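Novice: Protein sequence lines, in the order shown, are assigned to chains A and B. Numbering that gives the first Met the number 0 puts the first residue of the first sequence at 0, with every later residue one more than the last. Numbering that gives the first Met the number 0 puts the first residue of the second sequence at 0, with every later residue one more than the last. For each residue, glycine too, the CB sits at the ideal point set by N, CA and C. Note that this is a predicted model, so its numbers are computed, not measured.
Protein chains: 2
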Amino acid sequence: MAIEINGEALKAASSLQLKKWCEEIRAEICETVAVCGGHLSSNLGAVELTVALHKTFDFPNDKIVFDVGHQCYTHKLLSGRADRFHTLRREGGLSGFPKRTESEYDCYDTGHAGTALSAALGIAKARDLKGETFSVVALIGDGSFNNGLIYEALNSLKILHTSVLILLNDNGMSISPTVGGVHEVLDEIKTEGSFCRNDIALFEQFGLQYMGVYDGNDVEDMCDALKIAKEKLKSGSVLLHVSTQKGRGHPFCESAPDRTHGVSPKQEDDRVEYASVLGGELTALAEGDRRIVAVTAAMTDSLGLRGFFERFPERAFDVGICEEHASVLCAAMATEGMKPYYAIYSTFLQRAFDELIHDVCGQNLPVTFCIDRSGITGADGETHQGVFDLSYLSLIPNLTVAIPKDEDEFRGMLRMSKDYNAPLAIRYPRAGKKGKGCVLPIEIGKFELIHSSISDIAIIAAGEIPLAAAENLLRRAQKEGFDFTIVNARFLKPLDEALLLSLPQKYVVTIEDNVAIGGLGDAIDRFYLNRGKVIRNFAYRDEFIPHGEAGALAERFGVEKEEIFRYLKECYARG
Amino acid sequence: MAIEINGEALKAASSLQLKKWCEEIRAEICETVAVCGGHLSSNLGAVELTVALHKTFDFPNDKIVFDVGHQCYTHKLLSGRADRFHTLRREGGLSGFPKRTESEYDCYDTGHAGTALSAALGIAKARDLKGETFSVVALIGDGSFNNGLIYEALNSLKILHTSVLILLNDNGMSISPTVGGVHEVLDEIKTEGSFCRNDIALFEQFGLQYMGVYDGNDVEDMCDALKIAKEKLKSGSVLLHVSTQKGRGHPFCESAPDRTHGVSPKQEDDRVEYASVLGGELTALAEGDRRIVAVTAAMTDSLGLRGFFERFPERAFDVGICEEHASVLCAAMATEGMKPYYAIYSTFLQRAFDELIHDVCGQNLPVTFCIDRSGITGADGETHQGVFDLSYLSLIPNLTVAIPKDEDEFRGMLRMSKDYNAPLAIRYPRAGKKGKGCVLPIEIGKFELIHSSISDIAIIAAGEIPLAAAENLLRRAQKEGFDFTIVNARFLKPLDEALLLSLPQKYVVTIEDNVAIGGLGDAIDRFYLNRGKVIRNFAYRDEFIPHGEAGALAERFGVEKEEIFRYLKECYARG
Chain A
0 MAIEINGEAL KAASSLQLKK WCEEIRAEIC ETVAVCGGHL SSNLGAVELT VALHKTFDFP
60 NDKIVFDVGH QCYTHKLLSG RADRFHTLRR EGGLSGFPKR TESEYDCYDT GHAGTALSAA
120 LGIAKARDLK GETFSVVALI GDGSFNNGLI YEALNSLKIL HTSVLILLND NGMSISPTVG
180 GVHEVLDEIK TEGSFCRNDI ALFEQFGLQY MGVYDGNDVE DMCDALKIAK EKLKSGSVLL
240 HVSTQKGRGH PFCESAPDRT HGVSPKQEDD RVEYASVLGG ELTALAEGDR RIVAVTAAMT
300 DSLGLRGFFE RFPERAFDVG ICEEHASVLC AAMATEGMKP YYAIYSTFLQ RAFDELIHDV
360 CGQNLPVTFC IDRSGITGAD GETHQGVFDL SYLSLIPNLT VAIPKDEDEF RGMLRMSKDY
420 NAPLAIRYPR AGKKGKGCVL PIEIGKFELI HSSISDIAII AAGEIPLAAA ENLLRRAQKE
480 GFDFTIVNAR FLKPLDEALL LSLPQKYVVT IEDNVAIGGL GDAIDRFYLN RGKVIRNFAY
540 RDEFIPHGEA GALAERFGVE KEEIFRYLKE CYARG
Chain B
0 MAIEINGEAL KAASSLQLKK WCEEIRAEIC ETVAVCGGHL SSNLGAVELT VALHKTFDFP
60 NDKIVFDVGH QCYTHKLLSG RADRFHTLRR EGGLSGFPKR TESEYDCYDT GHAGTALSAA
120 LGIAKARDLK GETFSVVALI GDGSFNNGLI YEALNSLKIL HTSVLILLND NGMSISPTVG
180 GVHEVLDEIK TEGSFCRNDI ALFEQFGLQY MGVYDGNDVE DMCDALKIAK EKLKSGSVLL
240 HVSTQKGRGH PFCESAPDRT HGVSPKQEDD RVEYASVLGG ELTALAEGDR RIVAVTAAMT
300 DSLGLRGFFE RFPERAFDVG ICEEHASVLC AAMATEGMKP YYAIYSTFLQ RAFDELIHDV
360 CGQNLPVTFC IDRSGITGAD GETHQGVFDL SYLSLIPNLT VAIPKDEDEF RGMLRMSKDY
420 NAPLAIRYPR AGKKGKGCVL PIEIGKFELI HSSISDIAII AAGEIPLAAA ENLLRRAQKE
480 GFDFTIVNAR FLKPLDEALL LSLPQKYVVT IEDNVAIGGL GDAIDRFYLN RGKVIRNFAY
540 RDEFIPHGEA GALAERFGVE KEEIFRYLKE CYARG
């Protein structure tokens, strides 16, 4: 984009100039997201309020924390990164989220919901202790306002005796429309106009100075409101409630904000979204089984559950961005004989780690976790890579951990799950190759021998991407005159001990799309301990994996196909 | 106790009889806790309201979920378990928490704070779907009302369209006095009398029918209130706010409820509480370093921080039972140059697993986690055994994981931590042997050779209890004419690769007080992969560990000293 608007230019600008810039920024965001993918609707809704923030405050001396962080594009454009904006979400380019390592204007990294107020309070408290006086702003969407972390932070406002500005960007949407009691309060305030005492009491009781509802898409209004808010900050924390339109200025986004929350740059025809498979299978299973309920934390569409929600509204629960509550709800329904399926992204399930242990597995309850976006997800970066799940799941007693190798196997696992009476986690990537429609019965803890060879080398791999890599390597090897066995480790827990014991090969190679520590490789190492195997594990190194193209990242962070092939050849030569 | 009060007897009883029974129950609890240890004050405060619940509702047809669950003693006495109450918290005896496997009167297992309302809602929703009509009660202390999970559940009341009774047992205390905005609201309601519209709006906005403040220690009052509440349940969820006195009826408990929350049966003179070591060291460090702040989630005393809080009130933060918020607060303060120490129990840190990854380690911030009650803690059972931490910590990039072998080493690690500029976790048990006062400098990632032997056997162990076991085994071995090397694996991450590479021994035995999956043994296995070692790992099996005596449980669940010794002898014989 041609614009490179700096703080000084903004501060001197007229309202007319600001409005013009907002339109330019909006056009730039639409253009870039069309090419690079990314979060569209939420950024379009937040243009004016971000411009007004930059006009009113002095970043980076003042600090802004973006909740989730997906709505920070305008901020990036206004803080010296416009010239690199076309590299958004590309390897080595700008992150789609705030990154301290990228700019001094980004003071706190985010990616998951609900952290911004806690972070702002911590920054403000440190400021007070150091005797400094800058302002701290937390920009929070109404979806995050359902999250428990926000409440914990609100609760501690009176303990911490400091001041922050909460800018509540209320567009009525999480990724799905926002739901729940707090949302209804916000909605009532918006409908009735501001300053209905009973409603805003919710916020004043936490010690906040509430500032009524402003039009967040009117840049002049926003500048005025922020000026007042900045003044009020001198006497304590302020909640500035702003109403915006998600997808503002883009006809399709305005009409379908839930489908344009995240936009992918391209689609391929031979691919299938695992989410749509989940939706179809679960709806079919539920037709014949009234125990089945589906639970999601504000991601009905992205997890493929729209159809289920429409077909069985009484058995479908979107509880908002409340990953922990959703887990306990599932556990409790299971105690009463229901069969809950909880669909969630891999990294977001980290939020319910304790509930997985304490509520679901501690009571050995038949809750099925459908864990989407596992492995390296790519362009969203560190906070969204699902590379820890095999490790944090396998350490939990009573939990079966399944890893489908393709669409058909995923369907098989879901059908199997219906009558499985204990905790089950099925983890899968966003998309894979279309299946052949051949769905075979799956038995808990049984691996599959995909290719059997009399050579002394075996690859044990789990999941679609590692197994596809193994099969590619096999074709290459066969061309070079050697061969190896390929085992599909469908279950990380329990392992197929009989099959592992029967494998005659001396050289065992494991491949997985997870960090090395605590994953499949470790489980295989442990099983073969002192059993005379020569093992090599390919998994991701002990590092956070940034944004980029998934395949390239996998290579760079430890699953390097050339190195695997080199090693296989070496094993073959050693014989 | 002589009483075996059943539901029918209760229902027919006069007020006078109920009061008499309450006193008998109170005496029984005091007597049993004096012998078995356990939660005293909170149970003494909840006697009358529990008796009234059993008089009003028909358990086990109606359901009650206890938040945390530590206050369930009266419930156990009234539900056919009085004759076994003297076995409380003993191996094979009654659990100190609700246990579905123990009685049909216990419908949901708890142990950690904040789950009860989500659980009650799940049970109620399942009831509705099944077309049943029983009542569901969640008994929740005011401490838990700070927790984010409660808020997530409150927020979903309007989504779930069901009815539960929340009995809010407000005694003004968590383990420490309750703090924060919500507590102030509750306090205001109590002080001003009930039905102050502005205050109770907080609850009504979530869709609750609020019933003003009742005296929870007056059994007659409680019966009347519950009768009304039961009626109101027909038209939706009810919040019955009850004021009780923690430690009621026990002079010392009444005056010091924070010190009598959990009571241990005995103390030994040569033992030291790690918490008191933490408190002393941290206060001393903070004298010379203004960056140091201490954070706790409602456990100032049990974590040894009282002295710090008194000496540096402006740098000490108790944010209530908000483990997640506390973590983010630490991360944020660290971004501004502060040096936060977050003290927490091992199992409670599971609640902040995502924040550990996303906020602290993802940004590589110098937050120090002081993780108390690691390993098998014993009498509190499944939900309190700190046996997963080595696994869930070691999988996180950027995190250094330290395991002190004794008091002196713990002091050394704390002193070292002051200038360590990255995330650090120090995990330790509740108590250990007193140190010798010889505090040596600790270097990150350096192990210690405790005993060097020319034999072909080495034990690598981490932490006080495993190392004490190793040293005991060494004395026994020496009597039988053989010897082995002992290595103190002070750091699970990073490993001391130089020392491990230099170890000449063929036979390597690891001992740890953690589950096998993902712990020290796995790390050593991975390091020595294909290096010709014969390794055996002693760690806990992949099971939840119930309540009992810590040493006996360790033996039973995988760290069996006789078996280790037998194996060592076998290695010696194989030579």
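Could you give the uninterrupted runs of the alpha helix (DSSP H) lying entirely in the region 480–524 of chain A, keeping only those of 4 residues or more?
Specialist: Runs found: 496–501.
Novice: Sort 528/A, 546/A, 532/A and 512/A by Cα distance to residue 558/A and report the nearest one.
Specialist: Residue mapping note: residue 558/A aligns to position 559 of the first sequence, counting from 1. That would be 512/A, whose Cα lies nearest to the Cα of residue 558/A.
Novice: I want to verify the contact list: residues of chain B whose CB lies under 9 Å from the CB of residue 328/A, in sequence order.
Specialist: Working through the first sequence from its first residue, we reach residue 328/A at position 329. Near residue 328/A (Cβ distances below 9 Å), the residues of chain B are 117, 118, 120, 121, 124, 152, 155 and 159.
Novice: Could you check where the alpha helix (DSSP H) with residue 226/B kicks off and where it finishes?
Specialist: Residue mapping note: residue 226/B aligns to position 227 of the second sequence, counting from 1. Its alpha helix (DSSP H) spans residues 218–231.
Novice: List the residues of chain A whose Cβ lies closer than 8 Å to the Cβ of residue 393/B, in chain order.
Specialist: Here residue 393/B corresponds to residue number 394 of the second sequence, with the count starting at 1. In chain order: 516 and 517.
Novice: State the CB to CB distance for the pair residue 339/A and residue 292/A, rounded to an integer number of angstroms; the pair is presumed to be in contact (CB under 8 Å).
Specialist: In the first sequence, residue 339/A corresponds to position 340, counting from 1. In the first sequence, residue 292/A corresponds to position 293, counting from 1. Yes, they are in contact, since the Cβ atoms of residue 339/A and residue 292/A sit about 5 Å apart, within 8 Å.
Novice: With 7 Å as the C-beta to C-beta threshold (strictly closer), list the residues of the region 464–482 of chain B near chain A in chain order.
Specialist: From the region 464–482 of chain B, no residue has a Cβ closer than 7 Å to chain A.
Novice: Under 8 Å Cβ-Cβ, which residues of chain B neighbour residue 313/A?
Specialist: Here the question's residue 313/A lines up with position 314 in the first sequence. What residue 313/A touches in chain B: 128.
Novice: Answer with yes or no whether the minimum CB distance from residue 193/B to chain A is below 9 Å.
Specialist: To locate residue 193/B, count along the second sequence from 1; it is residue 194. Note that residue 193/B scores a pLDDT of 48, beneath 50, so its modelled location is shaky; the value from the coordinates is reported in the next line. Chain A contact via Cβ: absent.
Novice: Excluding the 5 residues preceding and the 5 following residue 493/B in the sequence, name in chain order all residues of the same chain whose CB lies nearer than 6 Å to its CB.
Specialist: For the purposes of this step, residue 493/B is taken as residue 494 along the second sequence, with counting starting at 1. Same-chain partners within the cutoff: 444.
Novice: Taking the continuous alpha helix (DSSP H) assigned at residue 74/B, which residues delimit it?
Specialist: Along the second sequence, read from residue 1 onward, the residue named residue 74/B stands at position 75. 72–76 is the extent of the alpha helix (DSSP H) around residue 74/B.
Novice: Is the separation between the beta-carbon of residue 371/B and that of residue 277/B shorter than 9 Å?
Specialist: Taking the first residue of the second sequence as 1, we reach residue 371/B at position 372. Taking the first residue of the second sequence as 1, we reach residue 277/B at position 278. Yes; because the gap between Cβ atoms is below 9 Å, this pair is in contact.
Novice: Just the Cα atoms here: how many angstroms apart are residue 193/A and residue 72/A?
Specialist: Working through the first sequence from its first residue, we reach residue 193/A at position 194. Working through the first sequence from its first residue, we reach residue 72/A at position 73. Interpretation of residue 193/A is limited by its pLDDT of 48, a score under 50 that renders its predicted location unreliable; no figure is taken from the coordinates.
Novice: In the DSSP assignment, the beta strand (DSSP E) including residue 449/B goes from what residue to what residue?
Specialist: Mapped onto the second sequence, residue 449/B falls at position 450. Per DSSP, residue 449/B belongs to the beta strand (DSSP E) from 447–450.
Novice: Pairing CB atoms from the region 347–360 of chain A with CB atoms from the region 71–86 of chain A, are three or more of them under 8 Å?
Specialist: As far as the Cβ criterion goes, the region 347–360 of chain A does not touch the region 71–86 of chain A, which means the pair count is below three.
Novice: Three-state secondary structure (DSSP) at residue 419/A?
Specialist: Position 420 of the first sequence, counting from 1, holds the residue named residue 419/A. Here residue 419/A sits in coil by DSSP.
Novice: What residues in its chain sit with their C-beta under 8 Å from that of residue 454/A, if we drop five residues either side in the sequence?
Specialist: Here residue 454/A is taken as the residue at index 455 of the first sequence, counted from 1. These residues qualify, in order along the chain: 481, 482, 483, 484, 504 and 571.
Novice: Does any C-beta atom of chain A lie closer than 9 Å to the C-beta of residue 15/B?
Specialist: Your numbering for residue 15/B matches position 16 in the second sequence. Not closer than 9 Å to any Cβ of chain A, the Cβ of residue 15/B fails to qualify, so no.
Novice: With 16 other CB atoms within 10 Å as the buried threshold, where does residue 474/B fall?
Specialist: Locating residue 474/B in the second sequence gives position 475, counting from the first residue. When all chains shown are included, residue 474/B counts as exposed.
Novice: Excluding the 5 residues flanking residue 14/A on each side, which residues of the same chain have their C-beta closer than 6 Å to its C-beta?
Specialist: Residue numbering aside, residue 14/A sits at position 15 when the first sequence is read from its first letter. These residues qualify, in order along the chain: 219.
Novice: Find out if the Cβ-Cβ distance for the pair residue 44/A, residue 170/A is shorter than 9 Å.
Specialist: Along the first sequence, one-based indexing puts residue 44/A at 45. Along the first sequence, one-based indexing puts residue 170/A at 171. Cβ distance < 9 Å, so residue 44/A and residue 170/A count as in contact.
Novice: My assumption, with CB atoms under 8 Å, is that residue 361/B sits in contact with residue 381/A. Please give the rounded CB distance.
Specialist: The sequence position of residue 361/B within the second sequence is 362, counting from 1. The sequence position of residue 381/A within the first sequence is 382, counting from 1. Sure, about 6 Å apart at Cβ, within 8 Å.
Novice: Does residue 335/A come out as helix, strand or coil in the three-state DSSP assignment?
Specialist: If you number the first sequence from 1, residue 335/A lands on position 336. DSSP places residue 335/A in coil when its eight states are reduced to three.
Novice: Between residue 189/A and chain B, is there a C-beta pair that is closer than 9 Å?
Specialist: As a first step, residue 189/A is located in the first sequence; it is residue number 190 there, counting from the start. Chain B contact via Cβ: absent.
Novice: With DSSP collapsed to three states, give me the class of residue 103/A.
Specialist: Counting from 1 along the first sequence, the entry for residue 103/A is found at position 104. Correct three-state label for residue 103/A: coil.
Novice: Under 9 Å, do residue 152/B and residue 120/B count as touching if we go by C-beta distance?
Specialist: Taking the first residue of the second sequence as position 1, residue 152/B is located at position 153. Taking the first residue of the second sequence as position 1, residue 120/B is located at position 121. Contact: yes.
Novice: What does a CB cutoff of less than 8 Å around residue 316/A pick up in its chain, not counting 5 residues either side in sequence?
Specialist: Against the first sequence, residue 316/A aligns to sequence position 317. 292, 293, 294, 295, 325 and 328, listed in sequence order.
Novice: Would you say the beta carbon of residue 310/B is closer than 8 Å to some non-hydrogen atom of the ligand SAH?
Specialist: Although the ligand SAH was asked about, the structure shown includes no ligands whatsoever.
Novice: I'd like to check one pair, residue 398/A with residue 342/A: are the Cβ atoms closer than 9 Å?
Specialist: Within the first sequence, numbered from 1, the residue matching residue 342/A stands at position 343. Within the first sequence, numbered from 1, the residue matching residue 398/A stands at position 399. Against a cut-off of 9 Å, the Cβ pair of residue 398/A and residue 342/A comes out as no contact.
Novice: Roughly how many angstroms lie between the CA atoms of residue 364/B and residue 514/A, to the nearest whole one?
Specialist: Your numbering for residue 364/B matches position 365 in the second sequence. Your numbering for residue 514/A matches position 515 in the first sequence. One C-alpha to the other measures close to 21 Å.
Novice: For the beta strand (DSSP E) that contains residue 401/B, what are its first and last residues?
Specialist: To locate residue 401/B, count along the second sequence from 1; it is residue 402. Residue 401/B -> beta strand (DSSP E) spans 399–401.
Novice: Give me the Cα-Cα distance between residue 216/A and residue 54/A, rounded to the nearest whole angstrom.
Specialist: The residue given as residue 216/A occupies position 217 in the first sequence. The residue given as residue 54/A occupies position 55 in the first sequence. The straight-line gap from Cα to Cα measures roughly 15 Å.
Novice: Given a threshold of 16 other Cβ atoms within 10 Å of its Cβ, counted over all protein chains shown, does residue 466/A qualify as buried or as exposed?
Specialist: One-based indexing of the first sequence puts residue 466/A at position 467. Buried, because 16 or more other Cβ atoms sit within 10 Å of the Cβ of residue 466/A.
Novice: Under 7 Å between beta-carbons, which chain A residues line up against residue 350/B? List them in chain order, please.
Specialist: In the second sequence, residue 350/B corresponds to position 351, counting from 1. Within 7 Å Cβ-Cβ: 353.
Novice: For the region 359–390 of chain A, list every residue whose C-beta sits within 9 Å of some C-beta in chain B, in sequence order.
Specialist: Within the region 359–390 of chain A, the residues whose Cβ lies closer than 9 Å to some Cβ of chain B are 360, 361, 362, 363, 381, 382, 387 and 390, listed in chain order.
Novice: 9 Å is my cut-off, CB to CB: does residue 149/B come that close to chain A?
Specialist: Within the second sequence, residue 149/B is the residue found at index 150, counting from 1. With 9 Å as the cut-off, residue 149/B counts as an interface residue toward chain A.
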